[in-house]
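Visitor:
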Amino acid sequence: MTAPGRRSSTFTRLLRHGFTDPSAAEELLDGAELTEVRSDPVLLEALGATADPDLALHGLVRLLEAQPDPTARRELLDTLVAAKPLRDRLLGVLGASEALADHLARHAGDWQALVTYEPRDLHPGVEEFERGLAEATDPVALRVAYRRCLLSIAARDVCGTIDLAETAAELADLATATLRAALAIAEEAAPGDAALCRLAVVAMGKCGGHELNYVSDVDVIFVGEAAGDADETKALRAATSLASHMMRICSETTVEGSIWPVDANLRPEGRNGPLVRTLSSHVAYYQRWAKTWEFQALLKARPVAGDPGLGAEYVAALQPLVWQAADRENFVPDVQKMRRRVVENIPAAEVDRQLKLGPGGLRDVEFAVQLLQLVHGRSDTSLHSGTTLDALEALAAGGYVGRADAAQLDEAYRFLRSMEHRIQLHRLRRTHLVPEDPADLRRLGRSLGLRTDPVAGLQRAWKRHASVVRRLHEKLFYRPLLDAVAQLAPGEARLSPEAARERMVALGYADPAAALRHLEALASGVTRKAAIQRTLLPVLLGWFADSADPDAGLLNFRKVSDALGKTPWYLRLLRDEGAAAENLARVLSAGRLAPDLLMRAPEAVALLGDGATGGLAPRGRPQLEQEILAAVRRADGGEQAVTAARGVRRRELFRTAAADIVGSYGTEAQPVEADQGALVDLVGDAVSDLTAATLAGTLRAVVREGWGDTLPTRFAIIGMGRFGGHELGYGSDADVLFVHEPREGVDEREAGEAANKVVAELRRLLQVPSADPPLLIDADLRPEGKSGPLVRTLKSYEAYYRRWSLAWERHALLRAEFVAGDADLGRRFTELVDPLRYPADGLGEDDVREIRRLKARMESERLPRGADPKLHAKLGPGGLTDVEWTVQLVQLRHGHTEAGLRTTRTRAALAAASGAGLISAEHAGILDEAWVLATRVRNAVMLVRGRAGDTFPTDPRELAAVGRYLGHGPGHAGDMLDEYRRTARRARAVVEELFYA
Numbered sequence: 002m003t004a005p006g007r008r009s010s011t012f013t014r015l016l017r018h019g020f021t022d023p024s025a026a027e028e029l030l031d032g033a034e035l036t037e038v039r040s041d042p043v044l045l046e047a048l049g050a051t052a053d054p055d056l057a058l059h060g061l062v063r064l065l066e067a068q069p070d071p072t073a074r075r076e077l078l079d080t081l082v083a084a085k086p087l088r089d090r091l092l093g094v095l096g097a098s099e100a101l102a103d104h105l106a107r108h109a110g111d112w113q114a115l116v117t118y119e120p121r122d123l124h125p126g127v128e129e130f131e132r133g134l135a136e137a138t139d140p141v142a143l144r145v146a147y148r149r150c151l152l153s154i155a156a157r158d159v160c161g162t163i164d165l166a167e168t169a170a171e172l173a174d175l176a177t178a179t180l181r182a183a184l185a186i187a188e189e190a191a192p193g194d195a196a197l198c199r200l201a202v203v204a205m206g207k208c209g210g211h212e213l214n215y216v217s218d219v220d221v222i223f224v225g226e227a228a229g230d231a232d233e234t235k236a237l238r239a240a241t242s243l244a245s246h247m248m249r250i251c252s253e254t255t256v257e258g259s260i261w262p263v264d265a266n267l268r269p270e271g272r273n274g275p276l277v278r279t280l281s282s283h284v285a286y287y288q289r290w291a292k293t294w295e296f297q298a299l300l301k302a303r304p305v306a307g308d309p310g311l312g313a314e315y316v317a318a319l320q321p322l323v324w325q326a327a328d329r330e331n332f333v334p335d336v337q338k339m340r341r342r343v344v345e346n347i348p349a350a351e352v353d354r355q356l357k358l359g360p361g362g363l364r365d366v367e368f369a370v371q372l373l374q375l376v377h378g379r380s381d382t383s384l385h386s387g388t389t390l391d392a393l394e395a396l397a398a399g400g401y402v403g404r405a406d407a408a409q410l411d412e413a414y415r416f417l418r419s420m421e422h423r424i425q426l427h428r429l430r431r432t433h434l435v436p437e438d439p440a441d442l443r444r445l446g447r448s449l450g451l452r453t454d455p456v457a458g459l460q461r462a463w464k465r466h467a468s469v470v471r472r473l474h475e476k477l478f479y480r481p482l483l484d485a486v487a488q489l490a491p492g493e494a495r496l497s498p499e500a501a502r503e504r505m506v507a508l509g510y511a512d513p514a515a516a517l518r519h520l521e522a523l524a525s526g527v528t529r530k531a532a533i534q535r536t537l538l539p540v541l542l543g544w545f546a547d548s549a550d551p552d553a554g555l556l557n558f559r560k561v562s563d564a565l566g567k568t569p570w571y572l573r574l575l576r577d578e579g580a581a582a583e584n585l586a587r588v589l590s591a592g593r594l595a596p597d598l599l600m601r602a603p604e605a606v607a608l609l610g611d612g613a614t615g616g617l618a619p620r621g622r623p624q625l626e627q628e629i630l631a632a633v634r635r636a637d638g639g640e641q642a643v644t645a646a647r648g649v650r651r652r653e654l655f656r657t658a659a660a661d662i663v664g665s666y667g668t669e670a671q672p673v674e675a676d677q678g679a680l681v682d683l684v685g686d687a688v689s690d691l692t693a694a695t696l697a698g699t700l701r702a703v704v705r706e707g708w709g710d711t712l713p714t715r716f717a718i719i720g721m722g723r724f725g726g727h728e729l730g731y732g733s734d735a736d737v738l739f740v741h742e743p744r745e746g747v748d749e750r751e752a753g754e755a756a757n758k759v760v761a762e763l764r765r766l767l768q769v770p771s772a773d774p775p776l777l778i779d780a781d782l783r784p785e786g787k788s789g790p791l792v793r794t795l796k797s798y799e800a801y802y803r804r805w806s807l808a809w810e811r812h813a814l815l816r817a818e819f820v821a822g823d824a825d826l827g828r829r830f831t832e833l834v835d836p837l838r839y840p841a842d843g844l845g846e847d848d849v850r851e852i853r854r855l856k857a858r859m860e861s862e863r864l865p866r867g868a869d870p871k872l873h874a875k876l877g878p879g880g881l882t883d884v885e886w887t888v889q890l891v892q893l894r895h896g897h898t899e900a901g902l903r904t905t906r907t908r909a910a911l912a913a914a915s916g917a918g919l920i921s922a923e924h925a926g927i928l929d930e931a932w933v934l935a936t937r938v939r940n941a942v943m944l945v946r947g948r949a950g951d952t953f954p955t956d957p958r959e960l961a962a963v964g965r966y967l968g969h970g971p972g973h974a975g976d977m978l979d980e981y982r983r984t985a986r987r988a989r990a991v992v993e994e995l996f997y998a
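Convert by adding 1 to the 1-based position in the sequence shown; the result is the number in my numbering.
#1: With H, G and I counted as helix, E and B as strand and the rest as coil, what does DSSP make of G615?
#2: Assess, as a yes-or-no matter, whether the stretch 48 to 57 is touched by the stretch 88 to 105 under the definition of 3 or more beta carbon pairs within less than 8 Å.
#3: Does DSSP put R307 in a helix, a strand or coil?
#4: Give the list of continuous alpha helix (DSSP H) stretches no shorter than 4 residues that lie fully inside the stretch 549 to 612.
#5: Tell me the DSSP secondary structure of R249 in three-state form.
#6: Counting C-beta neighbours from all protein chains within 10 Å, is the total for W112 16 or more, i.e. buried, or is it exposed?
#7: Between the Cα of A636 and those of E314, V703 and N584, spot the shortest distance and give me the residue it belongs to.
#8: Please classify Q768: does DSSP put it in a helix, a strand, or coil?
#9: Let me know the alpha helix (DSSP H) ranges lying completely inside the stretch 402 to 447, each 4 residues or longer, listed in chain order.
#10: Taking a contact to mean a Cβ-Cβ separation below 7 Å, would you say D89 touches F130 in this structure?
#11: Secondary structure at R454, three-state DSSP: helix, strand or coil?
#12: Please report whether the beta-carbon of A52 lies at a distance below 7 Å from any beta-carbon of chain C.
#13: Residue ranges of each alpha helix (DSSP H) run of no fewer than 4 residues wholly in the stretch 81 to 166, ordered along the chain?
#14: Looking at the strands, I want to know which residues DSSP matches up with V263.
#15: Report the three-state DSSP secondary structure of A485 (helix, strand or coil).
#16: Given a cut-off of 7 Å, decide if A735 and L782 are closer than it, judged by their beta-carbon atoms.
#17: What residue range does the alpha helix (DSSP H) around V376 cover?
#18: Going by C-alpha to C-alpha distance, which of E604, L881 and I222 sits closest to Y571?
#19: Mind checking which residues open and close the beta strand (DSSP E) that includes V737?
#20: Nearest to L91 by CA position, among F739, T72, L58 and L599, is which residue?
#21: Taking a contact to mean a Cβ-Cβ separation below 7 Å, would you say A697 touches E628 in this structure?
#22: Straight-line CA distance for A187 to L152?
#23: Can you grab the Cα-Cα spacing for the pair A490 / P513, in whole Å?
#24: If we count the other Cβ atoms within 10 Å of its Cβ and call it buried at 16 or more, is P125 buried or exposed?
#25: Here's the rule: buried if 16 or more other CB atoms are within 10 angstroms of the residue's CB, otherwise exposed. What is D218?
#26: Can A841 and H897 be called in contact, C-beta distance under 7 Å?
#27: Tell me the residue span of the alpha helix (DSSP H) that contains T695.
#28: Would you call V588 buried or exposed, if buried means 16 or more other Cβ atoms sit within 10 Å of its Cβ?
#29: Starting from the N-terminal side, write out each stretch of the beta strand (DSSP E) that is 3 residues or longer and does not extend beyond the stretch 904 to 971.
#30: Run through the stretch 782 to 865 for me and flag every whole alpha helix (DSSP H) of 4 or more residues, listed as ranges in chain order.
#31: Are the CB atoms of I718 and F830 nearer to each other than 7 Å?
#32: Would you tell me roughly how many angstroms separate the C-alpha atoms of E521 and F558, rounded to the nearest one?
#33: Going by C-alpha to C-alpha distance, which of P596, A302 and A909 sits closest to A313?
#34: Does the Cβ-Cβ distance between A182 and A114 come in under 7 Å?
#35: When the distance is taken between beta carbons, is E226 closer than 7 Å to L311?
#36: Kindly list the residues whose CB is nearer than 7 Å to the CB of P775, restricted to its own chain and excluding five residues on each side of it in sequence; keep chain order.
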């Protein structure tokens, strides 16, 4: 008797032998069933050698309890103690498979199948399994016989008598025997159908490849022909009935459960196609309609049941087509796309637990091997194997895969498949997920021979093998014919991975590992596409390296290439038109805005083909309006119309940004634009015209949607600020005024309501979230500012300006220009405000003082807190507002007498003031230079960061990109800031003299 508080010696021994619940185990050992053997050290040692000693002991007790009488129980115990082979096999199965323990408990005599093995029984084949299933004449009996055979496979597997490949092959052979038995049962149930047809069952997938799992769908294809002189239609109907019955026999759940699902979805047309086809129908389909993945699936086709001659004819007819698949256009991208789709479809919560489909999983190995088989099997028949490990060995023997790589893949694949087998064997359930429960992980680790710390050891081994698979898969699958990604320099025919990384660093890539991954994705395979990429990439890498962010350039190029990979013109454009490739390289590496715009409509890359003088030349307002209005007319409703208009705007913004970048960077075909002011004017005119055309199209859409062809009131949009001045930047809002005039016979209230509805809908539609950048409408420059009505009649504007207008409002009207809507109304509005913005008597001293006061207040109140005033392109000294207010003061004073000053454009007004002698040429030059530079800084910030800003970025790489756009090479960001301060300081001195004096 054990003293209180002390553990028994049995308890301690149980712990030492791997039991996790020794108290429960001790109770079982003390039970009546094991009374005679409980002290036998051999039994305890054998239990401790299993994957789960607790589970094995519990299963053994259940098996003993299930014996029909004491004699049978005594026979089992005597054999268990005396025969080590049985002891190891039986306890090994009970410790690894709860499901097979359940089977033994239901069929208490089946343990005898494990008692003796003749040498011929160590590696049974289809014939042996057929003998084991021979007495099964109905689905229930077939399930019992199937599991009895499965028991023998599992026993030899867990005891190490057979390895992974042999286990998988035996499972496939058992499946073959089972399909034959099921078909025989179906034929016996319908002898008339059997007499009408010849039916062949062709195994696909893992069953066809002789590498089946414990629990897996058995993929098949059915081929049927008429027997003798039978009618073909009736024969196919009979064959379909037999095939369907055979599938149900295997798949349906009975009192003995199911065997496994039989899946015929790999057949031509999948679920939508007929279950059974004639051989000629199969051949016709594969010759004309089959997709790449269907030829890949045929690698594993193997006749297994039914008419053997017909099955052999099927394989003989289709195998030649398999080895021609790699000649099909887009073959390699198709295979890669299938792999990506599989990964993308994995639920996020399962990715890290997926043995089969996750990164570094079994599918990585299988896809890589199959791709290489299809590519090289055209000329090498030694690669024509449906079994993954055999094919991998053949690839290594043929030199298509390095022997070390093949050995590592073989080892990893065997380990991962063994994990999969043990996971499925436990409950005989189809799963590819690694369990999360510590007890399951412990049993799994022990079943694979990891005894010291099974859970930690399993995790380490799994991650190590998955990492090996992922690394080698990327090498074999994405670039199967390359030892390195490309010739990165003359004379370097091939680079080792280390040399490639060093080269990338030398080119300025901050993350060479990521860059090489992109190159691997771009240059892999044996397609024409990959060959062109390998030709282009060495040159593109140099162009990317010439930018401030080569990594972003390469990443963006990969994104664009992925989006346009199927289009026949994309790579041809880059290969055959030198300007296009360099233009694209410049655009993709200059910042975020242009690539973002391009990725929303990748086909816009075609604009890069003709250089800045052709495809990149911004289109004028008439052309833009014509296209947008035509799109609006074709649209079904207002939202669809505005979506089309915004799509045109996005494309044209990209065109403008690309022209600006190419002009700023220069290319081999086109030097850097010497006149920086010309680039500023190009952007300002293009974006302003585009905004006007977009507003015109949106206005047309809103009116048509709400009122048909005619609005109850004439309506015009007046551009203000930079919009009216043709100086919009990439991120600018559109400052506007809205004016209307009731049509004859229309009540003014009705007209006003209609006008307000138009404004509200127009603003809403232009800001609806979508893939296209929004166009923000700002009407704060209207009379009374934010407190005033959004839209007024022309008479209301006239009355207000005559009586109430303030100096700032007259000042703001210097930029007023009609942009959309009723042209006559817009002209009359302009005529109305001309006397206000170009007063006949010029400006009085009070007005001048008020303007100066407003300017000083704006400088002190609107400058962002913490911003360096000297580097603020808009509000800082010598910035945009300094120059613009100085020029506008001259316009207000002298616009009535000097016609050249009556313009909404800053640079044109400055030139006119200089031409009229109102500003010296030197001062005009200083102000113009400062205004152009400040505008370029704002454009650069938007291009680089993808969002508007008035100050230089603080991020070093972004700052360098702004510098590159402004003409400063690498390492000269400080010089750029010094130049800006110097230019702004000189401009501020002129402003002090002209504006404040």
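Idealized CB from N, CA, C, for every residue including glycine. All of these numbers come straight from a predicted model, not from anything done at the bench.
Guide: According to the structure shown:
#1: Position 614 of the sequence shown, counted from the first residue, corresponds to residue 615. Low confidence applies to G615: its pLDDT is 48, below 50, so where it sits in the model is not reliable, and the reading given next is rough at best. Coil.
#2: yes
#3: As a position in the sequence shown, residue 307 is number 306, starting the count at 1. Checking the sequence shown, residue 307 turns out to be Gly, not Arg. Here G307 sits in strand by DSSP.
#4: 551 to 564, 571 to 577, 579 to 589 and 594 to 601
#5: Mapped onto the sequence shown, residue 249 falls at position 248. R249: helix per DSSP, three-state reduction.
#6: For the purposes of this step, residue 112 is taken as residue 111 along the sequence shown, with counting starting at 1. By the neighbour-count rule (16 or more Cβ atoms within 10 Å), W112 is buried.
#7: Taking the sequence shown and counting its residues from 1, one reaches residue 636 at position 635. Closest by alpha carbon: V703.
#8: Against the sequence shown, residue 768 aligns to sequence position 767. Three-state result, Q768: coil.
#9: 404 to 428
#10: Along the sequence shown, read from residue 1 onward, the residue named residue 89 stands at position 88. Along the sequence shown, read from residue 1 onward, the residue named residue 130 stands at position 129. Contact flag unset, no.
#11: Here residue 454 is taken as the residue at index 453 of the sequence shown, counted from 1. A quick correction: the sequence has Asp, not Arg, at residue 454. If DSSP states are grouped into helix, strand and coil, D454 belongs with coil.
#12: The displayed structure is made up of one protein chain only, and chain C is not part of it.
#13: 85 to 97, 99 to 107, 127 to 134 and 140 to 159
#14: Taking the first residue of the sequence shown as position 1, residue 263 is located at position 262. The partner list for V263 (beta bridge, DSSP) reads V219.
#15: As a first step, residue 485 is located in the sequence shown; it is residue number 484 there, counting from the start. Interpretation of A485 is limited by its pLDDT of 36, a score under 50 that renders its predicted location unreliable; the figure taken from the coordinates is listed afterwards. DSSP places A485 in coil when its eight states are reduced to three.
#16: As a working mapping, residue 782 is identified with position 781 in the sequence shown. As a working mapping, residue 735 is identified with position 734 in the sequence shown. No. Outside cutoff.
#17: Here residue 376 corresponds to residue number 375 of the sequence shown, with the count starting at 1. It spans L363 to H377 - the alpha helix (DSSP H) in which V376 sits, taken as one unbroken run.
#18: Stepping through the sequence shown from its first residue, residue 571 is reached at position 570. Minimum Cα distance to Y571 is reached at E604.
#19: On the sequence shown, residue 737 is found 736 positions in, with the first residue counted as 1. First-last of the beta strand (DSSP E) with V737: A735 to P743.
#20: Taking the sequence shown and counting its residues from 1, the one referred to as residue 91 is at position 90. Taking only the C-alpha atoms, the option nearest L91 is L58.
#21: Residue mapping note: residue 697 aligns to position 696 of the sequence shown, counting from 1. Residue mapping note: residue 628 aligns to position 627 of the sequence shown, counting from 1. Result no, Cβ atoms of A697 and E628 do not sit closer than 7 Å.
#22: For the purposes of this step, residue 187 is identified with residue 186 of the sequence shown, where counting begins at 1. For the purposes of this step, residue 152 is identified with residue 151 of the sequence shown, where counting begins at 1. Answer to the nearest angstrom: the Cα atoms are 25 Å apart.
#23: For the purposes of this step, residue 490 is identified with residue 489 of the sequence shown, where counting begins at 1. For the purposes of this step, residue 513 is identified with residue 512 of the sequence shown, where counting begins at 1. Caution is warranted here: a pLDDT of 33 is assigned to A490, below 50, making its placement in the model unreliable, and no coordinate value can be reported.
#24: As a first step, residue 125 is located in the sequence shown; it is residue number 124 there, counting from the start. Buried: at least 16 other Cβ atoms inside 10 Å.
#25: Numbered from 1 along the sequence shown, position 217 holds the residue referred to as residue 218. That one is buried.
#26: Along the sequence shown, read from residue 1 onward, the residue named residue 841 stands at position 840. Along the sequence shown, read from residue 1 onward, the residue named residue 897 stands at position 896. Result yes, Cβ atoms of A841 and H897 sit closer than 7 Å.
#27: Within the sequence shown, residue 695 is the residue found at index 694, counting from 1. That run of the alpha helix (DSSP H) goes Q677 to W708.
#28: Along the sequence shown, read from residue 1 onward, the residue named residue 588 stands at position 587. Its Cβ being crowded by 16 or more others within 10 Å, V588 is buried.
#29: none
#30: 795 to 804, 808 to 813, 824 to 838 and 846 to 862
#31: On the sequence shown, residue 718 is found 717 positions in, with the first residue counted as 1. On the sequence shown, residue 830 is found 829 positions in, with the first residue counted as 1. Not in contact: I718 and F830 (Cβ atoms no closer than 7 Å).
#32: Position 520 of the sequence shown, counting from 1, holds the residue named residue 521. Position 557 of the sequence shown, counting from 1, holds the residue named residue 558. So the two alpha carbons sit approximately 13 Å from each other.
#33: Indexing the sequence shown from 1 puts residue 313 at position 312. That would be A302, whose Cα lies nearest to the Cα of A313.
#34: Position 181 of the sequence shown, counted from the first residue, corresponds to residue 182. Position 113 of the sequence shown, counted from the first residue, corresponds to residue 114. In this structure, A114 does not lie closer than 7 Å to A182 by Cβ.
#35: Mapped onto the sequence shown, residue 311 falls at position 310. Mapped onto the sequence shown, residue 226 falls at position 225. Against a cut-off of 7 Å, the Cβ pair of E226 and L311 comes out as a contact.
#36: Translated into positions along the sequence shown, residue 775 becomes position 774. Counting only Cβ-Cβ distances below 7 Å, and skipping sequence neighbours, we find L767 and Q768.
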